[in-house]
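Below is one structure, written out as structure tokens; comments come after it.
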DNA sequence: GCCGCCATGTCAGCGGCTGACATCGACCGT
DNA sequence: ACGGTCGATGTCAGCCGCTGACATGGCGGC
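Chains as they are written, first to last, in UniProt numbering: chain A, 1 to 187; chain B, 1 to 187.
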């Protein structure tokens with residue numbers, strides 16, 4: 001075995017979730033997280049840009065899945081529908097196995113405004129990327145932005161319901177349901 | 001005259017905007033802002049919860065105007081339309097006189113992710129309050145959330161265009177235009 | 001078998017932010 | 001007019017998030 005235990009990043013994430021659920025986000029210091037992972041504070045900041053980020057790493061895959069799902073839809077599909085297909089694709093990452101983890105993580109986020117800020121900007125960036133993809137296929141600027149943002153609003157509702165759902169429906173189902181409500185309310 | 005110069009909070013805001021436009025948000029310390037305002041760092045934090053907040057104080061009035069505008073609409077008005085009337089009411093606060101200031105402020109925010117986070121959560125809170133007001137008048141939970149969030153998405157687009165607009169149209173006009181696009185894209 | 005790489009450690013330091021306590025003009029009641 | 005309270009500010013000590021600079025030492029390539 002090497003000089004270092006492998007999986008430093010994963011150990012940091014796990015240590016962080018443990019300590020935070022025990023004591024709450026703001027009663028845990030980065031030094032404590034690092035210590036539980038058998039590392040130092042400095043190393044924590046080599047793996048995560050800041051303290052909040054330890055709870056959001058891995059979301060990149062999720063964002064990529066969404067954008068890939070959008071780009072994969074034929075160009076003649078209407079903007080909002082293309083966005084929805086992208087959002088549905090998130091279900092390949094957020095499958096049933098990840099639901100309990102997502103729930104625990106969301107509870108932490110919901111209890112801490114600074115984490116909500118981070119979540120909001122992450123989702124806004126995904127929406128912004130989707131809007132750019134729509135523009136690339138010729139959609140008008142305003143329509144692109146609104147299709148992406150409205151779709152993301154539906155996704156947020158869908159995610160909330162999926163997390164609370166006891167396995168009855170998957171995320172893609174909730175996305176479809178939320179978009180149906182969106183269409184009702186905007187009509 | 002009293003022991004202290006009046007308008008400490010306003011002086012802090014002005015000093016902050018000056019220094020930030022001169023040097024950029026992250027090259028200005030709170031102590032420097034306070035010093036230019038003739039105060040101490042500790043006093044800064046008595047007026048603003050954190051460094052970012054100095055750029056967002058006063059938005060409370062704006063949020064109140066929106067919610068008041070929503071609550072004032074008759075209960076038989078459809079949810080999204082009620083939201084739009086609230087958002088239009090923001091124009092009473094963000095009038096033509098405030099446009100240059102809004103523009104300068106928005107440039108700073110757009111250049112600093114940490115400030116974007118703060119802006120996003122502020123708007124999300126307004127949307128959340130609007131959703132609660134809709135629920136209070138009997139609108140279904142999901143419809144309320146989506147009407148508020150979709151309306152807020154339109155507002156963000158409208159605000160962007162209003163800030164870039166050279167006085168041709170007011171904010172309420174841009175809100176109406178953005179909602180029209182929203183209806184097109186969601187239809 | 002040597003060497004360079006790279007993940008980690010160590011250390012010093014800045015800036016955001018907070019709690020505790022002191023100060024002293026303004027205002028109020030008598 | 002006087003005493004007391006109040007409230008905005010100052011002062012100070014200190015924690016914690018975060019960063020730059022430099023050191024260390026197994027591992028893999030040559």
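Glycine included, every Cβ here is placed at the ideal spot set by N, Cα and C.
Quick caveat, the model's predicted, so the values are computed rather than measured.
Item, Value
"Beta-carbon spacing of residue 147 of chain A, residue 83 of chain A below 7 Å", "yes"
"Close-in-space but distant-in-sequence residues of the same chain around residue 114 of chain B (CB under 7 Å, 5 per side omitted)", "52"
"Coil, strand or helix - residue 77 of chain A by DSSP", "coil"
"C-alpha distance - residue 116 of chain B paired with residue 105 of chain B, whole-angstrom precision", "11 Å"
"Cβ pair residue 92 of chain B, residue 65 of chain B closer than 7 Å", "yes"
"Contact with chain B by residue 87 of chain A, beta-carbon distance below 7 Å", "no"
"Option nearest residue 4 of chain A by Cα separation, candidates A:27, A:38 and A:30", "A:38"
"Nearest-angstrom Cβ-Cβ length linking residue 153 of chain A and residue 78 of chain B, presumed shorter than 8 Å", "Actually they do not touch by this definition, with Cβ atoms about 17 Å apart."
"Cβ shell of residue 75 of chain A (< 8 Å), same chain only, five flanking positions each side left out", "137 and 138"
"Test item: CB-CB of residue 158 of chain B and residue 175 of chain B under 7 Å", "yes"
"Rounded C-alpha distance that separates residue 48 of chain B from residue 101 of chain B", "20 Å"
"Reference residue 96 of chain B; option with closest CA among B:155, B:172, B:57 and B:121", "B:172"
"Residue from A:31, A:21 and A:43 whose Cα sits closest to the Cα of residue 7 of chain A", "A:43"
"CB contact flag (residue 150 of chain A, residue 144 of chain B, <7 Å)", "no"
"Within chain B, partners of residue 143 of chain A - CB distance below 8 Å", "181, 184 and 185"
"Residues from the segment 118 to 130 of chain A in contact with chain B, defined by Cβ distance under 7 Å", "118, 120, 121 and 124"
"Cβ shell of residue 30 of chain A (< 7 Å), same chain only, five flanking positions each side left out", "41, 44 and 51"
"Minimum Cβ-Cβ distance from residue 149 of chain B to chain A less than 7 Å", "yes"
"Rounded separation between residue 14 of chain A and residue 33 of chain B - CA only", "40 Å"
"Opening and closing residue of the alpha helix (DSSP H) in which residue 10 of chain B lies", "8 to 23"
"Under the three-state DSSP convention, the category residue 58 of chain A falls into", "coil"
"Contact under 7 Å by Cβ, residue 69 of chain B with residue 85 of chain B", "yes"
"Buried versus exposed call for residue 103 of chain B [16 or more other C-beta atoms within 10 Å across all chains shown]", "exposed"
"Spatial distance of residue 80 of chain B from residue 36 of chain B (CA atoms)", "45 Å"
"Where residue 74 of chain B meets chain A, residues with beta-carbon distance less than 7 Å", "Simply none; closest approach about 18 Å."
"Contacting residues, own chain, Cβ-Cβ under 6 Å from residue 119 of chain A (five flanking each side not counted)", "109"
"Segments assigned alpha helix (DSSP H), at least 4 residues, entirely inside the segment 95 to 177 of chain A", "99 to 110, 113 to 136 and 141 to 164"
"Extent of the continuous alpha helix (DSSP H) to which residue 3 of chain A belongs", "Where residue 3 of chain A is concerned, there is no enclosing alpha helix (DSSP H), given that its DSSP letter is neither H nor E."
"Opening and closing residue of the alpha helix (DSSP H) in which residue 44 of chain A lies", "41 to 47"
"Straight-line gap, residue 21 of chain B to residue 155 of chain A (C-alpha atoms, nearest Å)", "37 Å"
"Any C-beta of chain B under 7 Å from that of residue 116 of chain A", "yes"
"Close beta carbons around residue 59 of chain B, own chain, < 8 Å, minus the five adjacent residues each side", "122"
"Spatially closest choice to residue 141 of chain B from A:141, A:170 and A:160, by CA coordinates", "A:160"
"For residue 92 of chain B, three-class secondary structure by DSSP", "helix"
"Candidates B:24, B:72 and B:27: closest to residue 130 of chain B by CA position", "B:72"
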